[in-house]
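Numbering (our numbering), first residue to last: 454 to 859.
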C-alpha cells in the first residue's frame with residue numbers, strides 16, 4: 454500500500470500514459486476521505502483489465518546471468534548489466550575462497566562479540582504488524598545510509614531537547630571513515646610474532662578490491678559517492694565527505710523466510726541511462742544438503758516450505774522482470790507493491806506470478822552484481838551462516854562515473 458500511495462502522489466504528471474476515460478476519475482478520488490481505499494480499488498481495476506506481469510519477463514540476452522569464469526570484471530559485461538541487457542553478473546573466485554572463508558569467520562566472531570555487548574544491528578522492516586526484525590543483520594561502524602536518514606528524522610523532531618547530540622547523518626559520515634580504517638587492518642590475535650604483525654599490518658579488504666577493479670573496468674571510472682546539500686542540510690563542512698563503501702551482512706539459520714523474501718531495493722522502470730545495482734561478495738555460505746528435500750527445481754510452485762535438505766538453500770534467486778515504462782508499473786501496481794511488503798500471502802502471489810527465476814548458488818569468494826530494480830531474494834536455510842559484503846552502485850549513463858554507496 455505504501456508503494457501504491459507513492460504512485461498516487463506522482464500520478465498527476467503521468468496521466469497522459471493512461472486511457473482518457475480514466476483521467477476524470479483521478480481528479481474525483483484523490484482528495485476524497487476514502488482516498489486510500491479508492492486508490493487501492495482503482496489500481497486493482499487497472500490491473501484486472503490491463504495487467505499482465507508475465508508479458509514483462511525478459512527473454513533472450515536480457516534475461517541471462519553472465520558468468521565470468523576467469524574471476525575478472527570485464528567492461529563489456531558491466532556495460533551489458535548496467536544497460537539492462539543482462540539480468541545479473543556472476544564472477545566466481547573474485548576473492549580467494551580460503552581468504553574469504555577466513556574473513557567470514559572473523560566477522561561471525563565479531564558479530565558474537567557485538568551481540569554480547571549490545572551493539573549488534575538488525576534491519577527492521579515494515580509489515581502489517583508494524584516494524585519487525587528481518588533475516589539480515591549488519592556489522593560496522595555505521596548503519597546503512599537509509600537507516601541513518603530515518604534516525605535523522607526523529608533527531609530533528611526532538612533536537613531542541615538535546616542540542617549536544619550529533620545528528621545521525623553526521624554520525625554516519627564519521628562512522629564511514631572509521632569503518633574504512635578498521636577493515637584495512639589485519640587482526641593478529643592468532644600470532645605472537647610482533648615483527649610479523651608489523652610487516653603484515655594491512656590487508657586488501659574485498660570491498661576495496663571491488664572498488665579498484667570497477668574503477669579499472671568502467672569506461673569512465675568508479676568511486677565513492679559524496680554528500681551533497683540534500684544529503685546533509687546541516688553540514689558546514691568545506692569538503693564533501695564520502696558515503697560508505699559497503700558493509701558486512703549476516704544471515705543466520707534458521708531464517709524467517711524459508712523460500713526467501715522477494716523484494717526490490719528501488720521501485721521504478723528500467724532505463725538504459727540509469728539504474729541502481731547491488732554488489733555482493735560472499736565470504737561464507739550455508740552448507741548445501743541433498744537430503745529428502747527439493748532438488749533445486751527453479752519453478753516456484755515446486756519449492757517446499759522447509760529448506761532443510763534442499764540443494765538450493767542459501768541460493769540467490771533473480772527474476773528477469775523487465776518493467777520499462779511507467780504505464781507497465783501502474784497496470785501491475787497491486788502485485789508489484791508486494792515487493793516492499795513482508796506479507797506471506799503477497800509473497801506467495803509473487804512466487805506464482807513471477808515464474809521461473811535465474812538461480813545463482815554463490816560460493817565463498819564469489820561476486821554477484823545485479824540490478825536492484827529486478828525482484829530477487831536469498832533462499833532461506835535452517836542451519837549455518839551466510840556472511841557477505843554488500844554495496845550499491847549508482848549508474849547514470851555510460852559517460853558518467855559509477856558511484857558506490859551504502
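Here a beta-carbon is modelled for each residue, glycine too, at the ideal position from N, C-alpha and C.
Under 8 Å between C-beta atoms of residue i and residue j
i	j	result
residue 772	residue 588	no
residue 730	residue 848	yes
residue 659	residue 842	yes
residue 560	residue 840	yes
residue 521	residue 544	yes
residue 397	residue 590	In the structure as shown, the chain begins at 454 and stops at 859. Residue 397 is therefore absent and cannot be evaluated.
residue 528	residue 671	yes
residue 510	residue 775	yes
residue 713	residue 824	no
residue 836	residue 706	yes
residue 817	residue 554	yes
residue 858	residue 673	no
residue 621	residue 604	yes
Start and end residues, alpha helix (DSSP H) containing residue i
i	result
residue 605	598-610
residue 629	621-636
residue 799	797-807
residue 779	779-783
Among the options, the one whose alpha carbon lies nearest that of residue i
i	options	result
residue 728	694, 854 and 489	854
residue 514	524, 523 and 542	542
residue 595	611, 636 and 555	636
residue 517	707, 605, 537 and 606	537
residue 638	620, 657, 622 and 623	657
residue 415	785, 778, 706 and 674	Absent from the model: residue 415. The displayed extent of the chain is 454 to 859, so no value can be given.
residue 833	859, 674 and 766	766
residue 547	674, 566, 489 and 665	665
residue 526	669, 654 and 624	669
residue 704	739, 716 and 680	739
residue 602	845, 625, 846 and 550	625
residue 806	552, 715, 489 and 512	715
residue 769	676, 779 and 819	819
residue 808	490, 512 and 496	512
residue 723	568, 539, 655 and 570	539
residue 627	655, 593 and 533	593
residue 719	726, 667, 845 and 708	845
Range of the contiguous beta strand (DSSP E) that encloses residue i
i	result
residue 843	838-848
residue 787	Element bounds for residue 787: not the beta strand (DSSP E) but the alpha helix (DSSP H), 786-789.
residue 659	Not the beta strand (DSSP E): residue 659 falls in the alpha helix (DSSP H), residues 659-670.
residue 727	Element bounds for residue 727: n/a, residue is neither H nor E.
residue 858	855-858
residue 702	700-705
residue 770	769-771
residue 675	675-677
residue 831	829-831
residue 821	820-824
residue 813	811-813
Can you confirm whether the segment 809-828 touches the segment 626-639 when touching is taken to mean that 3 or more C-beta pairs between the two stretches lie within less than 8 Å?
Per the Cβ contact rule, the segment 626-639 is not in contact with the segment 809-828 (fewer than 3 Cβ pairs under 8 Å).
Extract the residue ranges of the beta strand (DSSP E) inside the segment 495-580, only unbroken runs of 3 or more that lie entirely within it.
Within the segment 495-580, the runs of beta strand (DSSP E) that reach at least 3 residues and sit entirely inside it are, in chain order, 518-520, 541-544 and 574-580.
Spell out a yes or no on whether the segment 790-801 and the segment 501-518 are touching, meaning 3 or more CB-CB pairs, one atom from each, closer than 8 Å.
Below 8 Å, too few C-beta pairs join the segment 790-801 and the segment 501-518 to call them touching: fewer than three.
Any 3 or more C-beta pairs closer than 8 Å across the segment 779-797 and the segment 732-741
Taking 8 Å as the limit for Cβ pairs, the verdict is that the segment 732-741 does not touch the segment 779-797.
Would you say the segment 658-676 touches the segment 695-707, given that touching needs at least three Cβ pairs under 8 Å?
They touch, by the three-pair rule.
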